[in-house]
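Asker: First the structure, which I've put down as structure tokens, then a few questions once you've had a look.
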Amino acid sequence: MRMTRWLSRASPVAILVLLLGGCEFKAPRSTLDPLGPVARDQFELFMWTFWLSIPVLILVLGVMFYAIFRFRDRPANKSAIPNQIHGSVPLEITWTLIPVIIVILIAVPTVRTVFETETTVEPTADDLIVNVRGYQWWWRFEYPELGIVTANELNIPKDRRVILTLNSADVLHSFWAPQFAGKRDLIPGQDNQLWFIAEQTGVFRGHCAELCLTAHAYMRFRTVVHEEADFDAWVAAFQEEGEQQVQADPLVQRGRGLFATKGCATCHTVAGYYPDVEIGDPDFPNLTNFGLRNTVAAGVLENTPENLAAWLANPQAVKPGNYMPTLWSEDDPNRDEEIAALVAYLLSLGVDDATQATTGPTSVGGGSDGNR
Ligand code: CUA
Numbered sequence: 042m043r044m045t046r047w048l049s050r051a052s053p054v055a056i057l058v059l060l061l062g063g064c065e066f067k068a069p070r071s072t073l074d075p076l077g078p079v080a081r082d083q084f085e086l087f088m089w090t091f092w093l094s095i096p097v098l099i100l101v102l103g104v105m106f107y108a109i110f111r112f113r114d115r116p117a118n119k120s121a122i123p124n125q126i127h128g129s130v131p132l133e134i135t136w137t138l139i140p141v142i143i144v145i146l147i148a149v150p151t152v153r154t155v156f157e158t159e160t161t162v163e164p165t166a167d168d169l170i171v172n173v174r175g176y177q178w179w180w181r182f183e184y185p186e187l188g189i190v191t192a193n194e195l196n197i198p199k200d201r202r203v204i205l206t207l208n209s210a211d212v213l214h215s216f217w218a219p220q221f222a223g224k225r226d227l228i229p230g231q232d233n234q235l236w237f238i239a240e241q242t243g244v245f246r247g248h249c250a251e252l253c254l255t256a257h258a259y260m261r262f263r264t265v266v267h268e269e270a271d272f273d274a275w276v277a278a279f280q281e282e283g284e285q286q287v288q289a290d291p292l293v294q295r296g297r298g299l300f301a302t303k304g305c306a307t308c309h310t311v312a313g314y315y316p317d318v319e320i321g322d323p324d325f326p327n328l329t330n331f332g333l334r335n336t337v338a339a340g341v342l343e344n345t346p347e348n349l350a351a352w353l354a355n356p357q358a359v360k361p362g363n364y365m366p367t368l369w370s371e372d373d374p375n376r377d378e379e380i381a382a383l384v385a386y387l388l389s390l391g392v393d394d395a396t397q398a399t400t401g402p403t404s405v406g407g408g409s410d411g412n413r
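Okay, here's the thing in structure tokens:
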């Protein structure tokens, strides 16, 4: 009996400790680890509001606990009616004024931060412009000035303003790269803008922050921040794509054939697959230079041969609800061999001696910063 009582008292503490144990400033996708001016302004506003609320919390809890213990019901005065006090003018003025001051202290910096970080900006020649389109459940990133279309990994240079124009092909999504800026909705038929500057190179996690049905939890992306020279190399890898990138390895060649015969090319574009012939559908992930990607299935798996093979073998097991068909039956005797060939082909895309050595964080497995 005593044990149960002790447990019931200890369990809220245990739960609190467990919950607090999950807190981490440097966790992946943490807004508490800002790596650019927009996110930092928003973080500082949050911290200002947080510290402002601490004295309020202490004062309110202090008064509450004082009242609970000081004026608790005692057997001695069971029948007594408490003193009736109301209509104290100084008290009324005090507790009206204090909240007004608190609201002003929060509102002024909030409005200032909103105007500094949320205002629509006019692009200048120095900015990088990216059109972002949300799909169930992946991201299309188009660089209109560079002629690049890619998916699920936003490659940007460090210290340069990036201006995103966001919309959606189907339902509401929300673009969220927590270390760089707050969330912004992607809405069908409407262009929204979001801009930010990244001050640190590396591979950083992002996520769709609007419930968009089945695979919402798997609608992830990566922001890959490069040094300017590495970004130029990444761009160059896209602008020189074409037949010259198909490696001579027979397995790669076999995979390239299967890419057409198994039907991949119906949906997926690989630029330069056939000279002068477009393949794929713009409303499906563009796989040009897929070998440079860090992840598979919109940020769900690291882009390794094993993970890519698992994804091709059974997309629904990796990411339930997605629209990728399963191309092989369980008992297909060619399955493993064909998947191995497709994996070899896909991972070869964009990977040749020139690009492999210079693209920095895009190399498979991430840079020294890892995935944050
Ligand atoms: Cu897209 Cu949630």
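For what it's worth, the numbering used here labels the leading residue of the sequence shown as 42, then goes sequentially. Glycine residues also receive a C-beta, built at the ideal position from the N, C-alpha and C atoms. All values derive from a computational prediction rather than experimental measurement.
1. Hey, does F91 have any beta-carbon neighbour from chain D nearer than 7 Å?
2. The alpha helix (DSSP H) with N348 in it runs from where to where?
3. With a threshold of 6 Å (Cβ to nearest heavy atom), would M260 be considered close to the ligand GDP?
4. From V54 to C253, what distance separates their C-alpha atoms?
5. Is the beta carbon of E251 within less than 6 Å of some heavy atom of the ligand CUA?
6. Output yes or no for whether 7 Å exceeds the beta carbon distance between R295 and A382.
7. Between N330 and H267, what straight-line distance do the alpha-carbon atoms span, to the nearest angstrom?
8. Measuring only from the beta carbon, is H267 closer than 6 Å to any heavy atom that is part of the ligand CUA?
9. Where does P164 sit, in a helix, a strand or coil, going by DSSP?
10. Would you tell me roughly how many angstroms separate the C-alpha atoms of A274 and W92, rounded to the nearest one?
11. Report yes or no: do three or more beta-carbon pairs, one from the segment 156-163 and one from the segment 187-196, lie closer than 8 Å?
12. From L98 to F245, what distance separates their C-alpha atoms?
13. I'd like to check one pair, L205 with L227: are the Cβ atoms closer than 7 Å?
14. Assuming T165 and Q83 are in contact, meaning their beta carbons sit under 8 Å apart, how far apart are those beta carbons, in whole angstroms?
15. When every heavy atom of the ligand CUA is checked, does at least one fall within less than 6 Å of the C-beta of H257?
16. Kindly indicate the opening and closing residues of the alpha helix (DSSP H) around T264.
17. Label R115 either buried or exposed according to how many other C-beta atoms from any shown protein chain fall within 10 Å of its C-beta, with 16 as the threshold for buried.
18. I need the DSSP call for W47, collapsed to helix, strand or coil.
Answerer: Taking the structure as given:
1. Here chain D cannot be found, since the structure has a single protein chain.
2. First-last of the alpha helix (DSSP H) with N348: P346 to A354.
3. The ligand content of the structure shown is limited to the ligand CUA, which means the ligand GDP is not among them.
4. The C-alpha of V54 lies about 36 Å from the C-alpha of C253.
5. For E251, the shortest C-beta to heavy atom distance toward the ligand CUA is below 6 Å.
6. Yes, these two residues count as a Cβ contact at 7 Å.
7. When rounded, the distance between both Cα atoms is 17 Å.
8. For the ligand CUA, not one heavy atom lies less than 6 Å from the Cβ of H267.
9. Coil.
10. Cα to Cα, the separation comes out at about 44 Å.
11. Segment contact: the segment 156-163 against the segment 187-196, fewer than three CB-CB distances shorter than 8 Å; contact not assigned.
12. Distance between the alpha carbons of L98 and F245: 35 Å.
13. For the 7 Å CB-CB criterion, L227 and L205 do not form a contact.
14. Separation of the CB atoms of T165 and Q83 is rounded to 23 Å, and the pair is thereby denied contact status at 8 Å.
15. Between the ligand CUA and the CB of H257, the shortest heavy atom gap is smaller than 6 Å.
16. Not the alpha helix (DSSP H): T264 falls in the beta strand (DSSP E), residues R261 to H267.
17. The residue in question, R115, is exposed, as its Cβ has fewer than 16 Cβ neighbours within 10 Å.
18. Helix.
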